[in-house]
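At position 38 of the sequence shown the residue is numbered 44 (the working numbering), and the sequence of numbers has no breaks.
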Amino acid sequence: MEIKLRIEINTIKELNIILQEIKKMKEEYPMMSTLSLEVIIKY
């Protein structure tokens, strides 16, 4: 199963929060094999 995420963030802190959530998802859903993450940082 592949999941694609495209997110827009304002700070690196937001990115850290998102990465922590992804880590939790990986533990809850081990069948999630591929995650594509596109991050756009708006300054």
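Idealized CB from N, CA, C, for every residue including glycine.
The C-beta separation of K48 from E14 comes to about 6 Å, placing the pair in contact by the 8 Å criterion. Judged by DSSP in its simplified three-state form, K29 adopts helix. Per DSSP, the beta-bridge partners of K10 are S42. Y35 has its alpha-carbon roughly 10 Å from the corresponding atom of K29.
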